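> In this note's numbering, the protein residues as written are 95 to 469. C-beta atoms are modelled at their ideal positions from N, C-alpha and C, and glycine is treated no differently. Note that the structure is a prediction, hence the values are computed from the model and not measured. Got a structure here, written out as structure tokens. Questions coming.
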Ligand SMILES: [Ca+2]
Ligand SMILES: [Ca+2]
Ligand SMILES: [Cu+2]
């Protein structure tokens, strides 16, 4: 099976990245939601600036100040879940007013962009061996062309429990998987116009934004919007645990990655607006697909700005993830249909995910924002 060679590469990369677990069992330094499969070229220069600038489908977010970062690892109902060390400390942030998409960008929206521009996504371009080998030990043999083909990461449910450190158990490097074929060549997005587009790299999201006359949210804008004006709350809807009461988001209920109780109705992505919006009228801020932010990811960014009131912070100047120090990463927020308390609790307001800008997967999407003109 051809995939095994890429898995070998992935495993090599992950050996370098040396996962560590901190002493506090609820504060782990790493999270395997977002593997980095292969380095690829950015190619976002080809897209022409758009003039759409439409606020259709967007929500006005009134600016203000808020406390950004973790509300701690004790949930309102006493349950424990994952909290990342990078979510501390809480710090004061001021945000200008802006417009934000009410939903994740959907297949039909992304199709309009591709139809208008002929844009080819990262997943549709063959990885470049010259680039990949820079991240591998010298002398690593070049895999065959059949492996260095356009591909993306597809999630496969396992038959039973697996080591949660070993993401190769549930991620498959799948030739031919991309936004039009989310599960590979045999799949398509017919009838899924209003599902979030997936297999989107940060570069792809940037290109879409450029065309649409919009931009990606900063991490601070994203979290401010997710909190919906509520103070000291864990989730975009408040403090009720994600698995209690009515379904509030598309996540992984049950035992990841082999048993999904499907109480929220979806094993994979759900159509946007399947659950109630938050107090700002934003849908699926928690769960469904991870959403790219503009910022570089740096594990210590919150510590760097802890003692100041940050005015519209737009992230650090450099990226740093100690788990994969040679890979520059951008921030992602909100969690996905794969998130679960056993693993990441990615659907919390303060959860920080990161990935290289040239990586997409079955649970990677985005939403856009626009600056608001001051009244
Ligand atoms: Ca679900
Ligand atoms: Ca989401
Ligand atoms: Cu997760």
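Could you tell me the alpha carbon to alpha carbon distance between residue 187 and residue 368, rounded to whole angstroms?
One-based indexing of the chain shown puts residue 187 at position 93. One-based indexing of the chain shown puts residue 368 at position 274. Cα to Cα, residue 187 sits roughly 31 Å from residue 368.
> First and last residue of the alpha helix (DSSP H) that includes residue 208?
For this step, residue 208 is matched to residue 114 along the chain shown. Unbroken alpha helix (DSSP H) run through residue 208: 201-211.
> Leaving out the 5 sequence neighbours to the left and right, which residues in its chain are closer than 7 Å to residue 315 when beta-carbon positions are compared?
As a first step, residue 315 must be located in the chain shown, where it is residue number 221. Here the set comprises 189, 192, 463.
> Using only the alpha-carbon positions, how far apart do residue 57 and residue 225 sit?
There is simply no residue 57 to check, as the chain begins at 95 and stops at 469 in what is shown.
> Pairing CB atoms from the segment 281-297 with CB atoms from the segment 444-460, are three or more of them under 8 Å?
Judged by Cβ distances under 8 Å, the segment 281-297 makes contact with the segment 444-460, as three or more pairs qualify.
> Does any heavy atom of ligand 1 sit closer than 7 Å to the C-beta of residue 431?
Sequence index remark: in the chain shown, residue 431 carries index 337 (1-based). Yes, the Cβ of residue 431 comes within 7 Å of a heavy atom of ligand 1.
> Does residue 460 pass the burial test, meaning 16 or more other C-beta atoms within 10 Å, or should it be called exposed?
Position 366 of the chain shown, counted from the first residue, corresponds to residue 460. Buried, by the Cβ-count rule.
> If you follow the alpha helix (DSSP H) that residue 263 is part of, which residue opens it and which one closes it?
Here residue 263 is taken as the residue at index 169 of the chain shown, counted from 1. No alpha helix (DSSP H) contains residue 263, which DSSP labels as neither H nor E.
> Buried or exposed for residue 217, please, with buried defined as at least 16 other CB atoms from any protein chain shown within 10 angstroms of its CB.
Working through the chain shown from its first residue, we reach residue 217 at position 123. Under this definition residue 217 is a buried residue.
> Please name the residue in 228, 437, 185, 178 whose C-alpha comes closest to that of residue 255.
Taking the chain shown and counting its residues from 1, one reaches residue 255 at position 161. The candidate whose alpha carbon is nearest that of residue 255 is 437.
> What is the residue span of the alpha helix (DSSP H) that residue 387 lies within?
Here residue 387 refers to the residue found at position 293 when the chain shown is read from its first residue. Taken as a continuous stretch (DSSP letters only), residue 387 belongs to no alpha helix (DSSP H), being part of the beta strand (DSSP E) at 384-390.
> Can you find a heavy atom of ligand 1 that lies under 7 Å from the Cβ of residue 358?
Here residue 358 is taken as the residue at index 264 of the chain shown, counted from 1. Result yes, Cβ under 7 Å from ligand 1.
> Please find out if some non-hydrogen atom of ligand 2 comes closer than 7 Å to the beta-carbon of residue 378.
As a position in the chain shown, residue 378 is number 284, starting the count at 1. Flag set: Cβ of residue 378 near ligand 2.
> May I have a chain-ordered list of the beta strand (DSSP E) segments no shorter than 3 residues that lie completely inside the segment 235-319?
Counting whole runs of 3 or more residues, the segment 235-319 contains the beta strand (DSSP E) stretches 245-249, 265-269.
> Rounded to a whole number of angstroms, what is the C-alpha to C-alpha distance between residue 364 and residue 233?
As a first step, residue 364 must be located in the chain shown, where it is residue number 270. As a first step, residue 233 must be located in the chain shown, where it is residue number 139. The alpha-carbon atoms of residue 364 and residue 233 are separated by roughly 44 Å.
> Can you tell which of 220, 375, 390, 127 has the C-alpha that lies nearest to the C-alpha of residue 237?
Reading the chain shown from its first residue, position 143 is the one you call residue 237. Per the Cα distances, 220.
> Could you give the distance in angstroms between the alpha-carbon of residue 442 and the alpha-carbon of residue 310?
As a working mapping, residue 442 is identified with position 348 in the chain shown. As a working mapping, residue 310 is identified with position 216 in the chain shown. Cα to Cα, residue 442 sits roughly 20 Å from residue 310.
> Relative to the C-alpha of residue 410, which residue among 394, 197, 402 is closest?
As a first step, residue 410 must be located in the chain shown, where it is residue number 316. Comparing Cα positions, the closest option is 394.
> Reducing DSSP to helix, strand and coil, say where residue 403 ends up.
Residue 403 sits at position 309 when you count from the first residue of the chain shown. In the structure shown, residue 403 sits in coil (DSSP, three-state: anything other than H, G, I, E or B).
> What do you reckon, are the CB atoms on residue 196 and residue 152 nearer than 8 Å?
Locating residue 196 in the chain shown gives position 102, where the first residue counts as 1. Locating residue 152 in the chain shown gives position 58, where the first residue counts as 1. In this structure, residue 152 lies closer than 8 Å to residue 196 by Cβ.
> Less than 7 Å between C-beta atoms, sequence neighbours within five positions excluded: which residues of the same chain meet that for residue 465?
Start at 1 with the first residue of the chain shown, and residue 465 comes out as number 371. Cβ neighbours of residue 465 beyond the five flanking positions: 192.
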